[in-house]
Amino acid sequence: MTLLQQFILPRLLQWVIVIVVGITITFLIPRLSPVNPIQQALARLTQFQALEPEAVLQLKEQLMANYGLEGSIVEQYFRFWGNLLGGDLGPSFGAFPQRVNDMIGRALPFTVALLTFTTIMGWIIGIIVGTLAAYYPGRLTNLVAGVMIVVYPVPYFIIAFIFLMVFTYYIPFFPLIGVFRGEPFEAEFIATYLHSTFLPAVTLLITGLSFRFIMARALGTAELSSDHVQYATMAGLPDNRLMYSYVARNTMLPQVTDLGLSMGAIFSGTLITEAVFGYPGLGDLLLQAIYQADYNVVMGITLLSIVGIATASLIVDLSYPLVDPRVRYR
Amino acid sequence: QPSGLPVDVPREELFVMDQIFRWSVIDNYNVWGPASGTPHRHALMFETLWYLDQETGNIMSGASNEPPVYNDDYTQMTVTLVDSLKWSDGEAFNADDLVYTVETVWNTPELSFGGWHAQFADFLESVEKVDDHTVTFTLNRPAPRFHKNFEARWAGLYMMPEHAFSQIEDLVNYTYQDGPYLGLYAPVEMDPNGFWNLFKKRDDPQNTAVCQYHMNEDCGPGYVLTILYGDSTKKVIAMTRGELDAFMNVDFEAFESLLASTPTAKSWYPEFPWAYPNETSSRLIRFNFDTHEWTNNKDVRWALALSLDIVQLQTEYIGGVAKVVYVNVPYTPKLAELYYNHPRMQEWVENLEIDVAGEPYKPYDGTVADRIGEWADEQGYAQPAETAAASYGSGWWKYDTDTAAKLLEHNGYTRDGNGDWFTPEGERFSFSIQAAPDEVDSFRVANAAADMWNDFGIDVELQGLERSVWSANFETGQFETDAPWLSFVLPDGDGWPQMRSYHSKYYVPAPELHNALGGGTPARLVDPVLDELIDAMESLHPQDPQNLELVHQYLQHWVENMYYISTVSFKKFVTWNELYWTNPPSAENDVYMPLYWFQGGRFSIGGLESLGG
Amino acid sequence: MQTDREHSLLSVESLQRVFVTREGFTTTRLEAVAGASFAIRNDQPEIYTLAGESGSGKTTLARLVLGLEHATSGNMYYKGRDVLHLTNKERRDWFLKEVQPIFQDPFATFSPLKRIDSYLYETTRNYKMATTREGIDAHVDEALHAVGLSLAEIRGRYPNELSGGQAQRVSVARALLTRPSLLVADEPVSMLDASLRMSIVNLFRSLRDDYKVSVLYITHDLTTAYYAADRIAIMLRGWVVESGPVEKVLGEPLHPYTQNLKNAIPEADPEKTWEGDASLAVMDTEEYTRTGCRYAGRCPAVMDICKTTVPRDIEVQGRSVKCFLYDEEVPEAERMQAMANGGLVA
Amino acid sequence: MFGIVGLFTNIRDLMKFSGAFRWGFIVLVFVFLMAGLSWFSPYEEDHRRDTPRGKPPLTEISIGRDDDGERIYARTLLGTTSQGQDVFWQLTFAVRNTFLIAGTAVFIGRSIAILLGMLTGYMGGVFDRVLSTIIDSLIVLPRLPLLILIAAILRGDITTLGLGVLLGIMDWAHPSKRYRAQVLSLREREFTHTAVFSGMNPVKVVVREHMPFLVPFLLADVVSGFLWAIGMEVTLAYLGLGQISVPTIGSLLYWGNYYNALLLNQTWVLIPAIAAAVFTVAGFYMLSQGITHYLDPRTRLTRLGVSDS
Amino acid sequence: MSPEAAASAGMEQARVNEEARNVVEAEGLKAWYITQAYGVERTVKAVDDLTLSIREGEIYGIAGESGCGKSTLLKALLGEIVSPLTIVGGKVEYEFDAGKIDALKQTAEDREAIRWRRVSYIPQGSMHVLNPVRRIRDTFHDFIAAHQETTREKSIEMARSYLQELGLREGVLGNYPHQLSGGMRQRVTIALATILTPRLIFADEPTTALDVVVQRGVIELLKEVQQRENSTLVLVTHDMGVHANLTNRVAVLYAGNLVEEADTSTIFRRPRHPYTRYLIESLPRMGDRSERVGIPGRPPALDNPPDGCRFHPRCPLATDICRQEVPPLLPVEGIGNGTGPPHRVACFHQVDAPLEAGEIEHATEMPHAD
Ligand SMILES: Nc1ncnc2c1ncn2[C@@H]1O[C@H](COP(=O)(O)OP(=O)(O)OP(=O)(O)O)[C@@H](O)[C@H]1O
Ligand SMILES: Nc1ncnc2c1ncn2[C@@H]1O[C@H](COP(=O)(O)OP(=O)(O)OP(=O)(O)O)[C@@H](O)[C@H]1O
Ligand SMILES: [Mg+2]
Ligand SMILES: [Mg+2]
């Protein structure tokens, strides 16, 4: 019995099952939606026009064919898997004849960049500040903690709106929507990119940070009373060493686990933050797609998120021993 | 302060206008194909034969500047084209282009996302070039409205460049990015994320219909940027920051705050009620006749109408900025003349009597517009010199809850000590009204109705639904009452194209899609009188006086039955910031409408004058 | 190995338990109990001790006996019945009544969030030892008296309101409620100080003598084992290396490991200090995976054969020893030489 | 652990014992009072146009007429909304309804989570594997999009309670995993074996022996559940997918935003709602901190006045 | 052990005693746990009015039942006073080469200078004090670098050679704590505490919960460390066997009070305090299966200790005076050779009879004074 058979393969199998189940659920749910993509498209295509009844019927058929919505739901399901395994997510309904692949391809880098940056920064800063707060309890710490606890429940979009008002209206420094000039990786592009991404990033950072801070402080406080920290303290180890190698380092296991899983929660955050700041990422795309019952786009994005989160948690599971040598695979 | 604009064009050459949605199809300008997304672009890049202006009801010149000529029995239509237009590559526009366009659409269903293919397939016998600028259409049966296919209000059949397209193999998937175009502008840059699109003026503006209309060799800004900032708040901020020259619409409150911060901003009227009031549509309260029995009682519907205080609705809820209408015909100057102020209609409405428990009752109240004017005075608003009716629309139904109560009681409804109404079956009289909050005025109409009916003693629940949910609901008949928008007539006064879908032959029971047979209405109304009128209109030319009479009859019958409760015309805070560009359409400059994203928007854009950087 | 199942209270035959653990990216197969055999007699109650250093598999063996762990192979009989394959019902209705545990840490035995008497009532009720309220109280009180407590003393108290000794006694009392024939006590005194230790061990003796309860007493404290037990089995890395009457095994240990254990006991006498060098275990797992004798690595009298071959159990001097030093098949000269090398007494 | 009788003494003890609890308790009492006040509101819950629109706090407004038809004037405490409602009284309804939603969600979510977490943790084996895989599949589903989809499917027909139930049904996978882990470790604790040898069946063991240990954990979890539920309620309302005519914290924000409160500087319609969310969550947070600390065995020992001999 | 060996051990002891000066002196030490629970103050008098001195180079044992204040005493002697532990009175002084140091008033700098270099500590449960996610070598580096200039290479090299001298294999350095057995971890902790050659080592139950074999290894290691540097070892354990094997002098604590203090052989041969006698008599011995009893009753709660002699409720010799007056800790006259520290006992009814090895005195046979 090797590790591969005992642990890695079953874990990989689980990964596959999780993704298949997840995708099946997201395949079914939009199809229960009362919003009919054909009607939606019809309304879009014929707005302000008085159309012949015959033309309406003909258009409908045309749309059905275009969207690949013919056949029973089972047929559609298998066709969907066929396409998916061929790497094709089909056409968008809302933006026919665009391919979902292309649409996601365009939006993905923006969201990934934003998410990676804010998540990792939030994670690091949150842990540092939280650990400091655990290590130096006192008035200042309580103040910071108080602020964090207050910020924590404030909805994403409220923070986003406040930033929007303050930094685009009263102090009109940042652009109102994502403005990107120049070719990728040119100086101008980077400058405009940073300029446009700043506000959404800070919004996400703040909300992520407050949670991370609270968690890091709680874990740090618990760790402080552990035997090894107390012993090292008695032995007169310097504060920064204690904080870094004895407190923060030991809270990594739950923090890393949570980092993997929090990708899902953050995804929710980007959804609205992107909409508020006119940021061309997946969130805004998804929101529109849901409204238009654009199944293929909804599927494409949720699929991405499912695979992303499942993979993140797979990696987290597999890397536990690196994070905490005590962990045993069972 | 860094510029928030995504393009590097000198501001004095650039006109920035609010893009009405985020483009999801990128770099595809094939408006005939399935990628179809026309707003802004059709005004900037394309031409139809004619343009029907909703402000004036006039036909304005496009690729043709003469009305179509039909033969006597409406089986042949002849079109004369303008001879001075050129495609942007210098090639002259001529009859070949029109014939090619019609034949291509006729033969290619995939290139017919305005529904023209079906129309041609239905009516067209042949299309022939007579000479370089004359084309004759032979029809397989009388079709007095065949020219409507070429006449744009929002959209019409756009001309294709025969010399270029005939070279293209797969026209359906052709993205048409490099021209040639017949309009004044050509796209030069597009945001890959669909938030904006930059257009550049042609080198030969004198060869376009727009500049010829304006009799200006070099009309219009050098560049036009359409850009989507987002909701009202963001649009107002953008305009305050000087990064937006025109926007489509904002909320009343946002507009007021803009006026305070940006003195150069201006909508249709320079003073109250500011907003552009003449878009061809109106807000109403709709019943679902199929699923809820009580809606089928005319008296109940009238009782509901009489228990609404239209003045309060228009002032308190809409802010006084839309015109009141008692039927689903917007109160544009042209339509007011054809309907509200037409002697036949006027006489009819003033003497209209309904039966209230056996007693005749005159429900019409002609003082509504004046009372709104008084209210505006009270608020201290300066108002335009026009008559109150021109600003505030028609009369409406009396606010008479006693009569409404009588109507209900006559039908077996009862009221308890608290003033709450109960149905003849003894249940609380309650229903819901659905509306989409982002359709601001509709939602506020629903809001007002719910409030007032609650005050009257009916338990009305207001449901604000996300737009797509709301529309899915009415499409499948999942509503009791709701607040949509529509007009029974076109800007020129014709009624048939809109009214015909109420023909009972299109009736589909809920919960099937209301348009499962192509036509049909969400209200699922069946009325033989309407059927007769619709059938009669079909063979009449729109401008035929008999047609107008039939439309009048239709409207009268409609009102007498109070099938829908119409409330106010459409209004939009189309707003121009005269910081870089001036001379937009307005109440003082009302030769055409200001909805720049419509096909006719090219006149507005072409008429702009630079104020320098 | 076959024991006398019929006449044994508990007979354990070649019991084996293998754990597979993965640590980091390596897998280890660990035979925590490797073919252990012993029997507790039925005719007369006895205290049977399992002793051995830490990690020698005592707890695992106890858990196997209690049915908390599944055996990888081997047999186990209780009163002649196979108890490795009991149905849940049999287990609950019969076995759990007969065999009851006493755990090492009296405070871990009871949930700190519950009143300690609730366990007594639960046990009485669940095994239907009494039905009426008074009956239950009386039954509980009786068990408590057996351990020198009374219901009045502990009623309504939380575990941490009792002293360690009291809590451990309650634990014993709880086990006695079902009138078991066998108590399995896994290191019941290691957390207690000397004085409390004695009171618990004395309690076992009186239970055996007055209540006819056998005790499987697991410990690494050889002094109390010597003091209380009748017979003893010494465990080493999953093996039972020496077993027999306690006076014999601990009085004159034969196996080098037993001798080492005995030597390591600090005597409360300043004049008796340790002799010889201590030989310390290296990593636990290393010895488990060794071929040959598991003690070969630190045995002072190691022979070549020890490093390659697993010794068998030899009956010698009234006990059973798992060591080549006493194996007739190994040339005597070689054995004497090895003993001399190791400084062992023959 | 909390007998009904002991509840009050426990609360009194906690008040003395923990500053966090004290503050959390006071804040929550305040929040509950707000909710309770809703039953004494002079206005109906879903009624608009009760007051002049968009008036700032402490303005004198007409609130109707007395029997003689004379206008009655009063100051509004927190101002009025653009729909003509008194912010203060709307807030009382909002707090009540949001409590109902979040409370239902938390109750349902945690019930499922505890049940499944404990079962999978205690039973182990195939049962655990299958269920854990299902739970894992649910965890990877992005919940907000799913919720938006479902809310859309329900066509805005979703009632306050219904939303709570829906949220509850969506929020159990994460916590159940955590409970499972707890039970897995509790299962190995010796008192579990004691319980088994005392003849308790698995359900009894889980409920009587393990449950009490999950309480501190549960409390922390309830806070995050509350936060999530409020967040989702608010987000759905913001997207116009809730029942926006029912006052909730979310719908207050929705309407404030709908009427451009920020642009118009009518912050008084937004701030109370945000404050209510913050107070509720922060209150629960502090409360749970206090209780957790109180239940911590280490502090418990000194608290109970026993030595660890 | 042969009689000669025993004699030489005794002589060695005497030699230490004669030459040595006191390294630690505690006077009237009161270390109480003062807790605020529910706003109600509770005081646990864990160490109450205790005076002792420890000589340089000796192994000083502290014995007593669980919960009698042994660990607290060590913490107080170490000067590690963390709330709720409070020094209510008394003083603790160290004397190394350079004058006296007040142990209870150490500043952060003092601590850095004194801890681990001069005074070091092996806490109770020392197998659990290593950082579980840090390799042993890094922990060594942390502890060394905290007190002296070093580089990683240097400190690891230092650790390596030290561990080798102490008979731990080198591979240990690369391991994580959980990869070591309990005994090995304990030995690593001992190495950590002694690598900087402290003059004074406090060891708190370094061997509880270890099996005898490992216990023996650990104790021999401690002894080796102590002898190599001739440092002073203060050893706390309730295992009398360990005391007998290792210490030179033993102090017996009961409920926060020092009740008897004498050199090891005296404590085991001629204990005078009834409690000490119980403690030693109740121990079972190999080769002897006759019945022994524990001390009756249970230790008092330290937040409300009995008046008078704290042992009186359990003492068969107790009289009224025991219930009313606290017996003073006084030297026993005429015992010892007069040069070493005196045998001190706090009892009104001292028993002056030798305890014969192997001889059992039944509790009921304890002579009654009344
Ligand atoms: N569940 C398990 N999984 C893997 N290994 C285990 C498990 N339980 C015990 N072991 C290993 O089996 C060996 C024997 O353990 P056991 O607890 O039986 O020893 P013990 O003799 O009771 O020791 P101690 O005196 O320390 O209690 C040890 O090496 C231990 O690490
Ligand atoms: N942090 C604390 N707060 C309050 N009381 C305490 C605290 N720590 C210890 N005590 C109490 O002080 C007394 C002495 O404790 P101490 O740890 O010194 O005993 P000990 O002799 O070391 O016992 P053991 O042999 O169990 O280690 C005990 O009654 C204990 O309950
Ligand atoms: Mg064990
Ligand atoms: Mg201690």
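Protein chains in written order, with my numbering: chain B, 1 to 330; chain W, 331 to 943; chain U, 944 to 1289; chain A, 1290 to 1598; chain H, 1599 to 1968.
Every residue, glycine too, gets a C-beta built ideally from N, C-alpha and C.
Would you please state the rounded distance, in angstroms, between the beta carbons of residue i and residue j? I believe it to be under 8 angstroms.
| i | j | result |
| --- | --- | --- |
| arginine 1732(H) | serine 245(B) | 6 angstroms |
| glutamate 288(W) | leucine 1530(A) | Because chain W spans 331 through 943 in this model, residue 288(W) falls outside it and cannot be assessed. |
Flag residue i as yes when its Cβ comes closer than 7 angstroms to any non-hydrogen atom of ligand 1, and as no otherwise.
| i | result |
| --- | --- |
| histidine 1726(H) | no |
| glycine 1240(U) | no |
| glutamate 1130(U) | yes |
| histidine 1482(A) | no |
| phenylalanine 962(U) | yes |
| glycine 1000(U) | yes |
Which term fits residue i, buried or exposed, when burial requires 16 or more other beta carbons within 10 angstroms of its beta carbon?
| i | result |
| --- | --- |
| glutamate 1362(A) | Before going on, a small fix: residue 1362(A) reads as tyrosine here, not glutamate. Exposed, by the Cβ-count rule. |
| alanine 1224(U) | Because alanine 1224(U) sits at a pLDDT of 48, beneath the cut-off of 50, its placement in the model cannot be relied upon, and the following sentence gives the value as read from the coordinates. With 16 or more other Cβ atoms within 10 Å, it is buried. |
| glutamine 1922(H) | exposed |
| methionine 1290(A) | Confidence is the limiting factor: at methionine 1290(A) the pLDDT is only 40, short of 50, which leaves the residue's position unreliable, though a coordinate-based value still follows. Exposed: under 16 other Cβ atoms inside 10 Å. |
| phenylalanine 1416(A) | exposed |
| histidine 644(W) | The sequence shown places glutamine at residue 644(W), rather than the histidine named in the question. Label assigned to glutamine 644(W): buried. |
| leucine 938(W) | buried |
Quick one: does residue i have its CB under 8 angstroms from some CB of chain E?
| i | result |
| --- | --- |
| asparagine 1729(H) | Absence of chain E from the displayed structure is noted, the protein chains being B, W, U, A and H. |
Anything in chain B within Cβ reach of residue i, meaning under 9 angstroms, just list it in chain order.
| i | result |
| --- | --- |
| arginine 2008(H) | Since the first residue of chain H shown is 1599 and the last is 1968, residue 2008(H) is not available in this structure. |
Identify the contact partners of residue i in chain H, using a Cβ-Cβ distance below 7 angstroms as the criterion.
| i | result |
| --- | --- |
| glycine 236(B) | Arg1709, Glu1710, Arg1713, Trp1714, Ala1744, His1745 |
Name the chain U residues that come within less than 8 angstroms of residue i, Cβ to Cβ?
| i | result |
| --- | --- |
| histidine 1482(A) | Leu1009, Leu1011, Pro1044, Phe1046 |
Along chain A, in chain order, which residues have C-beta atoms closer than 9 angstroms to that of residue i?
| i | result |
| --- | --- |
| arginine 1117(U) | Thr1483, Phe1486, Ser1487 |
| phenylalanine 157(B) | Val1523, Thr1524, Tyr1527, Leu1542, Asn1546 |
Ligand 2 and residue i: does any heavy atom of the ligand fall closer than 7 angstroms to the residue's C-beta?
| i | result |
| --- | --- |
| histidine 1582(A) | no |
At a CB-CB cut-off below 7 angstroms, which residues of chain B make contact with residue i?
| i | result |
| --- | --- |
| asparagine 527(W) | Chain B residues near asparagine 527(W): none, gap ~13 angstroms exceeds 7 angstroms. |
If contact is defined by three or more beta carbon pairs under 8 angstroms, each pair taking one atom from either stretch, is the stretch 889-908 of chain W in contact with the stretch 499-519 of chain W? Below 8 angstroms, too few C-beta pairs join the stretch 499-519 of chain W and the stretch 889-908 of chain W to call them touching: fewer than three.
Would you call the stretch 515-533 of chain W in contact with the stretch 904-920 of chain W, where contact means no fewer than 3 C-beta pairs closer than 8 angstroms? no
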